[in-house]
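Peer 1: For the sequence shown, this note's numbering gives the first residue as 25, with consecutive numbering after it. A single structure is presented below for examination.
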Amino acid sequence: MRASEATTYYFNKAADQLELPDWVRKLLVTNKREVTVQVAFERDNGRSETVLGYRVQHDNARGPMKGGLRYHPAVDLDEVRALAALMTWKTAVVELPYGGAKGGIGIDPKTLSKREMERMPRAFVDQLHEIVGPDSDIPAPDMGTNHEVMAWFRNQWEKYHGFNPAVITGKPVEEYGARGREEATGRGVGTVAVKMMKRLNIRPDQCRTAIQGFGNVGSHAGKYLHEAAFPIVAVSDLSGTYFNAKGLNIPELFSYVIKNKGTLEGYSGAEQLPAEDLLGLDVDLLIPAALGDVITKENADRIRAKSIIEAANGPIDPEADEILAARNITILPDILANAGGVTVSYFEWVQNRQHYRWSLDRVRQELDRTLSDAFEQVWQESSTRNVSLRTAAFMLAINRVQRASELAGWLI
Ligand code: GLU
Numbered sequence: 025m026r027a028s029e030a031t032t033y034y035f036n037k038a039a040d041q042l043e044l045p046d047w048v049r050k051l052l053v054t055n056k057r058e059v060t061v062q063v064a065f066e067r068d069n070g071r072s073e074t075v076l077g078y079r080v081q082h083d084n085a086r087g088p089m090k091g092g093l094r095y096h097p098a099v100d101l102d103e104v105r106a107l108a109a110l111m112t113w114k115t116a117v118v119e120l121p122y123g124g125a126k127g128g129i130g131i132d133p134k135t136l137s138k139r140e141m142e143r144m145p146r147a148f149v150d151q152l153h154e155i156v157g158p159d160s161d162i163p164a165p166d167m168g169t170n171h172e173v174m175a176w177f178r179n180q181w182e183k184y185h186g187f188n189p190a191v192i193t194g195k196p197v198e199e200y201g202a203r204g205r206e207e208a209t210g211r212g213v214g215t216v217a218v219k220m221m222k223r224l225n226i227r228p229d230q231c232r233t234a235i236q237g238f239g240n241v242g243s244h245a246g247k248y249l250h251e252a253a254f255p256i257v258a259v260s261d262l263s264g265t266y267f268n269a270k271g272l273n274i275p276e277l278f279s280y281v282i283k284n285k286g287t288l289e290g291y292s293g294a295e296q297l298p299a300e301d302l303l304g305l306d307v308d309l310l311i312p313a314a315l316g317d318v319i320t321k322e323n324a325d326r327i328r329a330k331s332i333i334e335a336a337n338g339p340i341d342p343e344a345d346e347i348l349a350a351r352n353i354t355i356l357p358d359i360l361a362n363a364g365g366v367t368v369s370y371f372e373w374v375q376n377r378q379h380y381r382w383s384l385d386r387v388r389q390e391l392d393r394t395l396s397d398a399f400e401q402v403w404q405e406s407s408t409r410n411v412s413l414r415t416a417a418f419m420l421a422i423n424r425v426q427r428a429s430e431l432a433g434w435l436i
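This is the structure we're talking about:
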């Protein structure tokens, strides 16, 4: 199933519960705008490289559209469509005053030098600066991009439109970025994990946890949960799975990865297993925090975890979702679980617009409150309606976007 079909499948499941008529569904699933642009930039060897860049703007009923910019070889228009729609539902679930968008370039950032990493977003901005802006569509980091890319993006955009740091979020802290933005997605995953385990009556010190992916999201989620006394028994990346039945030394792994250029390769403080073994471990909590579409009908039977928190976007495809639901595995969906990143992006945008700076404590407190409130609402909705957490989250989100569309006069 293609990524956009999977998102539409989850949408329709919730829309069925809400008995939403077809004409309303059509408005809510159709993208406002899809743009594909040529991104031609200079390679260090003096030749020009041409790649495709995408921006999909899904919905703006609840506010300016918001969503990250991804650099990955698998990026194509279909994936960006799926991720743009997920952003609409994500911002609605946590009640941020935004709609949803997403962008990306189908390239492996590891093949680019630092100068090329800078030239590429500048060429991208040259092509689409007119359709992004602080009141219309606000990009942010995603897989393969970082705060430096955000700074170059902003700098290029300001050449056309003048000073306005709120055009993009996830900027370096010294360049109008928010304190706590980098840790935010992982921290948010940790926050909702603690709440969900409490609801499931699993004590933190007994919640054996496995995390797939130890990049920005996985490592910060691991750090947060380790501090909350969760035994993290396994983490993995492309180099393998690192396992310790009593719990890994997460602070050591955290600094190892920073020193080791972002990879766990060569870490000798744990038993090493093949990368793909992580998904099949017998744990209480599994956190896929890497790519999308990693749990499918091909491997769903191998999952032995009691619960799953989707830190990545779209890690479970609909067929696998049904298989896991039939086995009573509790799944906290991406649109709530990884909303910490866009939540702190919102705080950054607010600070930029007020020319004011919040302390790290304030950012963390407001993040905790936002995600905790959203978690409680989704949990309640799921219990009262007797639907999965995913369907409950989509139902709340769809209701909010539908209401805003009505108030905008688009649904009569
Ligand atoms: N890329 C992140 C996401 O998928 C963050 C988006 C943002 O901060 O706007 O939620």
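No residue lacks a Cβ here, since even glycine has one placed at the ideal position from N, Cα and C.
What residues match up with Ser-383 in a beta bridge as DSSP calls it?
Peer 2: Taking the sequence shown and counting its residues from 1, one reaches residue 383 at position 359. Answer by DSSP bridge pairing: none, since Ser-383 is not bridged.
Peer 1: Verify the contact flag: Asp-341, CB atom, against every heavy atom of the ligand GLU, threshold strictly below 6 Å.
Peer 2: Residue mapping note: residue 341 aligns to position 317 of the sequence shown, counting from 1. Flag unset: Cβ of Asp-341 not near the ligand GLU.
Peer 1: Within a Cβ cutoff of 7 Å, which residues of the same chain sit near Thr-14, ignoring the five residues on either side of it in sequence?
Peer 2: Nothing in the structure corresponds to residue 14, since the chain is present only between 25 and 436.
Peer 1: Relative to the C-alpha of Glu-390, which candidate in Arg-205, Ser-429, Lys-222 has its C-alpha closest?
Peer 2: The residue labelled residue 390 in the question sits at position 366 within the sequence shown. Measuring from the Cα of Glu-390, the nearest candidate turns out to be Arg-205.
Peer 1: Taking Ser-243 as the reference, give the member of Ser-407, Ile-311, Tyr-33, Glu-405 with the closest Cα.
Peer 2: As a working note, residue 243 is residue 219 in the sequence shown. It is Ile-311 whose Cα lies nearest to the Cα of Ser-243.
Peer 1: Can you tell which of Glu-142, Ile-192, Phe-238 has its C-alpha closest to the C-alpha of Pro-165?
Peer 2: By 1-based counting over the sequence shown, the position of residue 165 is 141. Per the Cα distances, Ile-192.
Peer 1: Out of curiosity, what's the CA-to-CA distance linking Gln-378 and Gln-401?
Peer 2: For the purposes of this step, residue 378 is identified with residue 354 of the sequence shown, where counting begins at 1. For the purposes of this step, residue 401 is identified with residue 377 of the sequence shown, where counting begins at 1. C-alpha separation (whole angstroms): 30 Å.
Peer 1: In terms of DSSP beta bridges, what is Arg-259 paired with?
Peer 2: Sequence index remark: in the sequence shown, residue 259 carries index 235 (1-based). Per the sequence presented here, residue 259 reads as Val, with Arg not at that position. Its beta-bridge partners are Ile-235, Tyr-266.
Peer 1: Using the Cβ count rule (16 or more neighbours within 10 Å means buried), how would you classify Met-220?
Peer 2: Walking along the sequence shown from the start, residue 220 turns up at place 196. Looking at its Cβ environment, which holds 16 or more other Cβ atoms inside 10 Å, Met-220 is buried.
Peer 1: Quick one: give me the first and last residue of the beta strand (DSSP E) that Lys-126 is part of.
Peer 2: On the sequence shown, residue 126 is found 102 positions in, with the first residue counted as 1. From DSSP, the beta strand (DSSP E) with Lys-126 extends over 123 to 129.
Peer 1: Starting from the N-terminal end, write out each residue whose C-beta falls within a distance shorter than 5 Å of any non-hydrogen atom of the ligand GLU.
Peer 2: That gives Lys-90, Gly-92, Ala-164, Asp-166, Gly-365, Val-366, Ser-369.
Peer 1: Could you compute how far the alpha carbon of Ala-38 sits from the alpha carbon of Pro-255?
Peer 2: Residue numbering aside, residue 38 sits at position 14 when the sequence shown is read from its first letter. Residue numbering aside, residue 255 sits at position 231 when the sequence shown is read from its first letter. The alpha-carbon atoms of Ala-38 and Pro-255 are separated by roughly 35 Å.
Peer 1: Cα-Cα, which of Tyr-380, Pro-88, Arg-105, Thr-394 is closest to Val-425?
Peer 2: On the sequence shown, position 401 is the one that residue 425 refers to. Answer by Cα proximity: Pro-88.
Peer 1: Please classify Thr-112: is it buried, with 16 or more other beta-carbons within 10 angstroms of its beta-carbon, or exposed?
Peer 2: Your numbering for residue 112 matches position 88 in the sequence shown. It is buried - the Cβ of Thr-112 has at least 16 other Cβ atoms within 10 Å.
Peer 1: Are the C-beta atoms of Val-216 and some chain B residue less than 7 Å apart?
Peer 2: Within the model displayed, chain B is absent; a lone protein chain is all it includes.
Peer 1: For the alpha helix (DSSP H) containing Asn-27, list its first residue and its last residue.
Peer 2: The residue you call residue 27 lines up with position 3 of the sequence shown. The residue asked about is misnamed: residue 27 is Ala in this sequence, not Asn. Ala-27 -> alpha helix (DSSP H) spans 27 to 41.
Peer 1: So, with DSSP's three-state summary, where would you put Leu-110?
Peer 2: As a working mapping, residue 110 is identified with position 86 in the sequence shown. If DSSP states are grouped into helix, strand and coil, Leu-110 belongs with the helices.
Peer 1: Could you give the DSSP three-state label for Gly-448: helix, strand or coil?
Peer 2: Shown here, the chain extends from 25 to 436; a query on residue 448 therefore has no answer.
Peer 1: Could you pull out every residue in the same chain whose Cβ sits closer than 7 Å to the Cβ of Leu-152, ignoring the five residues on either side in sequence?
Peer 2: Position 128 of the sequence shown, counted from the first residue, corresponds to residue 152. Contacts found: Val-59, Val-61, Arg-79.
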